[in-house]
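Residue numbers (our numbering): 814 to 1070.
Cβ atoms here follow ideal geometry from the backbone N, Cα and C, with glycine treated the same way.
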């Protein structure tokens, strides 16, 4: 390999554990979800790495180092030989836990300044894709969590509500809307009891698909009375932790005129 005197440095925080993040760097099916169909990696020293971009551009490399779940390094070069020849640069990815999340630092060492500059925006984009791919996997059950949330508000049994909310949310869950300021699951359970007293028979239901981006989910809902008539509608913002549980929920309600 030629002398590598320039480098791209990029750091992102991903809402998943290092073990989950590392799997997307070392397992071919998950590697291909990130890079594209036909991409693969043999994550052991001497193993081969291949990236096939959607436009057909191909990159090859050799895995240099693997230390699970903290570090992987591999060479990186274009099959065409243009800009970076095979074996002509080195990529190192390091993972560090931050609470339940992961700080990912990528270093791409290259031989020329112009090559470095041409890859800065590319890595900014690719790591954004990567963060979304990982978060999508962690929160694959987001729609079910949202449905369980709305069901809990109609559950008349406080003990049952507690079990549901403890399953889908952190103990420190915070909820805010125009009528609510609660901290913790126990506080929310008591708050729902009061809501049921003053709004008997009201049931909230999700409307349409959830919209998810890197651990934040938007879900539209309609609130219906016991006779099935719509009484209100709105949107909830759900913030998921790296463990897939809810950390924060904010509600926005529109009352029909």
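Would you call residue i buried or exposed, if buried means 16 or more other Cβ atoms sit within 10 Å of its Cβ?
| i | result |
| --- | --- |
| residue 922 | buried |
| residue 897 | buried |
| residue 953 | exposed |
| residue 943 | buried |
| residue 933 | exposed |
| residue 1070 | The predicted position of residue 1070 is uncertain, since its pLDDT is 47 and thus under 50; a value taken from the coordinates is nonetheless stated next. So residue 1070 ends up on the exposed side. |
| residue 1042 | exposed |
| residue 824 | exposed |
| residue 957 | exposed |
| residue 1057 | buried |
| residue 906 | buried |
| residue 911 | exposed |
| residue 948 | buried |
| residue 972 | exposed |
For residue i, which residues of its own chain have a beta-carbon under 6 Å away from its beta-carbon, when the five flanking residues on both sides are left out?
| i | result |
| --- | --- |
| residue 1052 | 1029, 1060 and 1061 |
| residue 966 | 1005 and 1017 |
| residue 977 | 961 and 965 |
| residue 899 | 873 and 890 |
| residue 968 | 974 |
| residue 987 | 996 and 1061 |
Counting only the same chain and skipping the five closest in sequence on each side, list residues whose C-beta sits under 7 Å from that of residue i.
| i | result |
| --- | --- |
| residue 979 | 998 |
| residue 1020 | 1033, 1034 and 1035 |
| residue 984 | 997 and 998 |
| residue 846 | 946 |
| residue 1000 | none |
| residue 991 | 1066 |
| residue 937 | 823 |
| residue 867 | 849 |
Given this structure, state the Cα-to-Cα distance separating residue i from residue j, to the nearest angstrom.
| i | j | result |
| --- | --- | --- |
| residue 1066 | residue 1045 | 7 Å |
| residue 848 | residue 834 | 14 Å |
| residue 854 | residue 892 | 16 Å |
| residue 895 | residue 837 | 27 Å |
| residue 902 | residue 920 | 10 Å |
| residue 1038 | residue 1009 | 12 Å |
| residue 939 | residue 869 | 16 Å |
| residue 975 | residue 993 | 17 Å |
| residue 816 | residue 950 | 38 Å |
| residue 963 | residue 981 | 12 Å |
| residue 924 | residue 844 | 26 Å |
| residue 851 | residue 1049 | 38 Å |
| residue 1040 | residue 1063 | 27 Å |
| residue 1012 | residue 970 | 16 Å |
| residue 989 | residue 1027 | 21 Å |
| residue 959 | residue 904 | 39 Å |
| residue 931 | residue 1007 | 59 Å |
Contact defined as beta carbons within less than 8 Å: I believe residue i pairs with residue j. What is the distance between those atoms, to the nearest angstrom?
| i | j | result |
| --- | --- | --- |
| residue 864 | residue 872 | 4 Å |
| residue 1047 | residue 1034 | 6 Å |
| residue 908 | residue 883 | 6 Å |
| residue 929 | residue 821 | 6 Å |
Looking only at its chain, what residues have a beta carbon closer than 8 Å to the beta carbon of residue i, apart from the 5 residues adjacent to it on each side?
| i | result |
| --- | --- |
| residue 876 | 854, 855, 856, 857, 858, 859, 860, 861, 862, 885, 886 and 887 |
| residue 955 | 1023, 1025, 1030, 1051 and 1053 |
| residue 926 | 819 |
| residue 839 | 854, 856, 879, 881 and 885 |
| residue 842 | none |
What do you reckon, is the C-beta of residue i under 7 Å from a heavy atom of the ligand NAD?
| i | result |
| --- | --- |
| residue 997 | No copy of the ligand NAD occurs in the structure displayed, which carries no ligand at all. |
Is the CB of residue i under 8 Å away from at least one CB in chain D?
| i | result |
| --- | --- |
| residue 851 | In the structure shown, chain D does not exist; there is a single protein chain. |
With a threshold of 8 Å, are at least 3 pairs of Cβ atoms found where one atom belongs to the segment 829-838 and the other to the segment 906-921?
Judged by Cβ distances under 8 Å, the segment 829-838 makes contact with the segment 906-921, as three or more pairs qualify.
Quick check: the segment 854-862 against the segment 874-891, are there 3 or more CB pairs under 8 Å?
The segment 854-862 makes contact with the segment 874-891, as at least three CB pairs between them are under 8 Å.
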